[in-house]
């Protein structure tokens, strides 16, 4: 789209200056072409920034929607895992409770990482804004920048730019863009705050349950290992007893054979 408009601009320039009929000095045409090529490449960068920003907004919306969905699913799993406290819990109940709590902890870790990434990006934007304000000639410190960031009006930075040079105007555009990013981040962080609190509360409430389940699982493993050792010992004992029984049968057979031979010999002598 940008390339088509630049091509159209070239044609208009040629027509307006009589290039098609009278001819235009080659260096002027080359200068224009070079300039328009730079405009085109810069426009592509601007378009790329716009697309990246759109994707970032989409990713943030996806994280929010998925987080809300996961929160509802975890709530449903929690209800499903609940047992009647008046009745003894079964192995299935303990497995359900353990799986729900483990999933809840994993979700909490993921959301903490996401929140940390948001805060890190906010700090980077803040540093970039401070730098751009200084480039534009404004004398600001961290506290003043933070006060500016709390405002939702992007024009709050205009008064801070002392010299309206080309560099200052470019800095102002950059500042306002970063400020818009921070506003979006803070809105997202605020939306997630309540969810974080609910997750933390659930994890805290189920901490003792997890410890008890893990203890029971550990005890069960120990009992299984002990039972396994007992079975192995019993198998060895059984094999040993069978072997001894066979030996006894062999000895008994030999004794009977000797006895028969002895009796036969005595009868023959008689």
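Residue numbers (the UniProt record's numbering): 1 to 270.
Quick reminder that beta carbons are idealized off the backbone N, C-alpha and C, glycines included.
Residue i and residue j: beta carbons closer than 8 Å?
i           : j           : result
residue 81  : residue 102 : no
residue 107 : residue 66  : no
residue 63  : residue 114 : yes
Tell me whether residue i sits in a helix, a strand or coil according to DSSP, three-state version.
i           : result
residue 82  : coil
residue 42  : helix
residue 109 : helix
residue 115 : helix
residue 141 : coil
residue 237 : helix
residue 90  : coil
_Using 8 Å as the cut-off, can you tell me whether the segment 48-60 makes contact with the segment 68-80, which would need three or more C-beta pairs spanning the two stretches below that distance?_
no
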